[in-house]
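In the working numbering, the protein residues as written are 345 to 611.
For each residue, glycine too, the CB sits at the ideal point set by N, CA and C.
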Ligand code: MF3
Ligand code: CO
Ligand code: CO
């Protein structure tokens with residue numbers, strides 16, 4: 345399928361959706377504490393999206409071919425869970441580290457972003473994995489410019505993660521995004537420089553590396569959604585939605601509480 349090029353009007357819509365998605369993460373941050381359940385986080389985010397923002401939680405009832413409808417409004421992936429963790433009765437405890445992944449729809453446009461959250465006091469190893477994954481996402485983002493290739497993005501991420509002794513999950517990737525949640529192109533988080541599709545201004549896609557402390561292999565749980573590491577090692581993920589501009593990139597999933605503010609100010 346052809347990759348869609350967003351019009352100036354589309355880009356305005358994507359900026360708004362992106363900011364709102366990021367603001368859900370800002371909103372939920374103080375609630376991520378020992379003793380809270382992941383379903384309580386889901387309920388809080390759902391109510392904020394629907395009642396405060398007037399956005400639609402894109403995951404709710406999302407049903408790609410071969411899947412059952414996703415039952416919740418956000419994804420919460422704890423410790424060895426890689427992605428698509430389904431919120432439930434699990435009580436978070438000090439030392440847990442989780443990814444919260446938010447996708448909102450506003451005026452028909454999608455904004456998709458995730459961050460890692462420490463619960464109470466986390467281990468040095470968990471902090472390092474989260475920090476290296478965040479930096480790896482940024483290595484990928486920094487490759488984004490007209491004329492660069494998808495392989496340039498993947499290679500930068502892979503090099504950073506593997507250079508720190510971690511492994512890249514290969515079964516899931518970033519994706520084009522706009523009026524459609526998941527559209528072409530696929531953004532692999534590994535690759536060879538100079539290979540793959542060339543980037544053009546007006547493309548919008550996510551970069552969302554999943555990086556494991558141990559082996560790269562994954563397994564799907566019986567709920568049909570939650571992905572875990574096969575070896576039960578820790579996994580981390582960060583995600584932004586980005587736009588290819590005439591000169592480079594613009595990160596669309598930005599808000600007051602973005603932990604990336606230093607990098608965003610420099611961009
Ligand atoms: N937000 C996820 C992504 O980054 C997709 C979640 S699909 C869901 O692409 F149904 F699990 F929510
Ligand atoms: Co995504
Ligand atoms: Co996401």
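Q) Would you report the Cα separation of residue 481 and residue 433, rounded to the nearest angstrom? A) One-based indexing of the chain shown puts residue 481 at position 137. One-based indexing of the chain shown puts residue 433 at position 89. Approximately 30 angstroms, taken between the alpha carbons.
Q: State the beta-bridge partners of residue 395 as determined by DSSP.
A: Translated into the one-based positions of the chain shown, residue 395 becomes position 51. Its beta-bridge partners do not exist; DSSP assigns none.
**Q.** Contact test: residue 528 Cβ vs ligand 2 heavy atom, cutoff 7 angstroms
**A.** Here residue 528 is taken as the residue at index 184 of the chain shown, counted from 1. Remark: the C-beta of residue 528 is outside contact range of ligand 2, defined as less than 7 angstroms to any heavy atom.
Q) If you follow the alpha helix (DSSP H) that residue 481 is part of, which residue opens it and which one closes it? A) Translated into the one-based positions of the chain shown, residue 481 becomes position 137. First-last of the alpha helix (DSSP H) with residue 481: 468 to 485.
Q. Considering only residues of the same chain and omitting the five flanking positions on each side of residue 373, which have a CB-CB separation below 8 angstroms?
A. As a working mapping, residue 373 is identified with position 29 in the chain shown. 461, 601, listed in sequence order.
Q. Where does residue 531 land, buried or exposed, given buried means 16+ other C-beta within 10 angstroms?
A. For the purposes of this step, residue 531 is taken as residue 187 along the chain shown, with counting starting at 1. Buried, since its Cβ has 16 or more Cβ neighbours within 10 Å.
Q. Should residue 346 go down as buried or exposed, given a rule of 16 or more other Cβ atoms within 10 Å for buried?
A. Taking the first residue of the chain shown as 1, we reach residue 346 at position 2. Result: exposed.
Q: Look up residue 402 in the DSSP assignment and say whether it is helix, strand or coil.
A: As a first step, residue 402 must be located in the chain shown, where it is residue number 58. The answer is coil: DSSP assigns residue 402 none of H, G, I, E or B.
Q. What does a CB cutoff of less than 6 angstroms around residue 561 pick up in its chain, not counting 5 residues either side in sequence?
A. In the chain shown, residue 561 corresponds to position 217, counting from 1. Around residue 561: 574.
Q) Quick one: what's residue 410 bridged to in DSSP? A) Reading the chain shown from its first residue, position 66 is the one you call residue 410. The partner list for residue 410 (beta bridge, DSSP) is empty, contrary to what the question assumes.
Q) Curious, which full-length beta strand (DSSP E) runs of at least 3 residues does the segment 530 to 600 contain? A) You should have 548 to 551, 554 to 556, 562 to 564, 571 to 573, 579 to 581, 584 to 588, 593 to 595.
Q. If we call anything under 8 angstroms between Cβ atoms a contact, is residue 497 one with residue 507?
A. Position 153 of the chain shown, counted from the first residue, corresponds to residue 497. Position 163 of the chain shown, counted from the first residue, corresponds to residue 507. For residue 497 and residue 507, no; Cβs fall outside 8 angstroms.
**Q.** Inter-stretch contact at 8 angstroms, needing at least 3 Cβ pairs: the segment 510 to 528 / the segment 544 to 555
**A.** yes
Q: Determine which residues share a DSSP beta bridge with residue 462 and list them.
A: Position 118 of the chain shown holds residue 462. The partner list for residue 462 (beta bridge, DSSP) reads 441.
Q. If you draw a straight line from the C-alpha of residue 405 to the C-alpha of residue 382, how long is it?
A. Numbered from 1 along the chain shown, position 61 holds the residue referred to as residue 405. Numbered from 1 along the chain shown, position 38 holds the residue referred to as residue 382. In a straight line, the C-alpha of residue 405 is about 18 angstroms away from that of residue 382.
Q) With DSSP run on the structure shown, which of helix, strand or coil describes residue 372? A) In the chain shown, counting from the first residue as 1, residue 372 sits at position 28. Helix at residue 372.
Q.
Is the separation between the beta-carbon of residue 612 and that of residue 435 shorter than 8 angstroms?
A. One cannot answer for residue 612 here, as it falls past the ends of the chain, which runs 345 to 611.
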